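If you count the sequence shown from 1, position 24 lands on 24 in the UniProt record's numbering, and the numbers rise without skipping.
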Amino acid sequence: MGLRGAKPQGKVRLRWSPEFAYAIGLLATDGSLSKDGRHFDFTSKDREQLENFLRCLGLKNKIGTKRSGYGKGKLYTHIQFGDVLFYRFLLNIGLTPAKSKTIGELRIPEKYFFDFLRGAFDGDGTFYSYWDPRWKSSFMFYTVFCSASKRHIDWIRNKLVQKLHIWGHINRDQKKTVYQLKYAKGESLKVLKKMYCGRKNIYLTRKRLKIGKALAIVGKEL
Numbered sequence: 001m002g003l004r005g006a007k008p009q010g011k012v013r014l015r016w017s018p019e020f021a022y023a024i025g026l027l028a029t030d031g032s033l034s035k036d037g038r039h040f041d042f043t044s045k046d047r048e049q050l051e052n053f054l055r056c057l058g059l060k061n062k063i064g065t066k067r068s069g070y071g072k073g074k075l076y077t078h079i080q081f082g083d084v085l086f087y088r089f090l091l092n093i094g095l096t097p098a099k100s101k102t103i104g105e106l107r108i109p110e111k112y113f114f115d116f117l118r119g120a121f122d123g124d125g126t127f128y129s130y131w132d133p134r135w136k137s138s139f140m141f142y143t144v145f146c147s148a149s150k151r152h153i154d155w156i157r158n159k160l161v162q163k164l165h166i167w168g169h170i171n172r173d174q175k176k177t178v179y180q181l182k183y184a185k186g187e188s189l190k191v192l193k194k195m196y197c198g199r200k201n202i203y204l205t206r207k208r209l210k211i212g213k214a215l216a217i218v219g220k221e222l
């Protein structure tokens, strides 16, 4: 019998939980899988985002920095790590290398969908609000999910139709490179309350505070 190589040792515990699902949401938006079948890169302008990611996956990797483009591009924080078993797990649930335009449906347990969605929102989503000058005392606010893949945006929308009976609307950004799934006011509040329903949830603080300040204007809270 020939010699067998050592089995790959996983750094990430492959067990679904609210924290694990949140980390998958971050990876689906801000993360990337190398083509070597082992390595990952996770990049964000928010150091807290990386700290949350490491915490959720039980990792202790060092956080580094890099610049976008060449020369004096924007400075970002990032981490890199390798885990063959985690890589295979991600392939199995629908994440692949060069995923930005090809990602579609992901196999996320129903129990943890809104934890995943909160991670995706913290990664690539946005929230904005304004006073609408067309009507007196009309304050508008929107929750937006973004992706370069129409299939992925359609999947998120269909899941929210099933779970919350909200439809939102889809458009593209000015450069026609990103699809935006937008929910206004009442529908926005429904999805926000589900994403932030747990007191111990992990989230990006600056987005959570921004949402809280806007909702306070209309006498609402999460």
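All C-beta atoms, glycine included, are put in the ideal place defined by N, C-alpha and C.
Nothing here was measured: the structure is a model prediction, and the numbers come from that model.
A contact is defined here as three or more CB-CB pairs under 8 Å, and the stretch 129-146 fails this definition with respect to the stretch 43-51. Gly10 is a Cβ neighbour of Leu85, given a cutoff of 8 Å. For Asn201, there is no enclosing alpha helix (DSSP H), since its DSSP letter is neither H nor E. Here the alpha carbons of Gly219 and Tyr112 stand approximately 29 Å from one another. Taking one beta carbon from each stretch, the stretch 101-112 and the stretch 15-26 have 3 or more pairs nearer than 8 Å; the two touch. Around the beta carbon of Asp36, a 10 Å sphere encloses fewer than 16 other beta carbons of the protein chains shown; the residue is thus reported as exposed.
A contact between stretches requires three or more CB pairs, one per stretch, nearer than 8 Å, and the stretch 118-131 meets this requirement with the stretch 193-201.
Per DSSP, the continuous beta strand (DSSP E) segment holding Val144 begins and ends at 139-147. For Asn158, the enclosing alpha helix (DSSP H) stretches over residues 150-164.
Rounded to the nearest angstrom, the Cβ distance from Leu181 to Leu222 is 20 Å, too far for a contact under 8 Å. Ile153 places its beta carbon 8 Å or farther from that of Leu160.
For Lys11, the three-state secondary structure derived from DSSP is coil.
Going by C-alpha positions, Val12 is about 52 Å away from Arg134.
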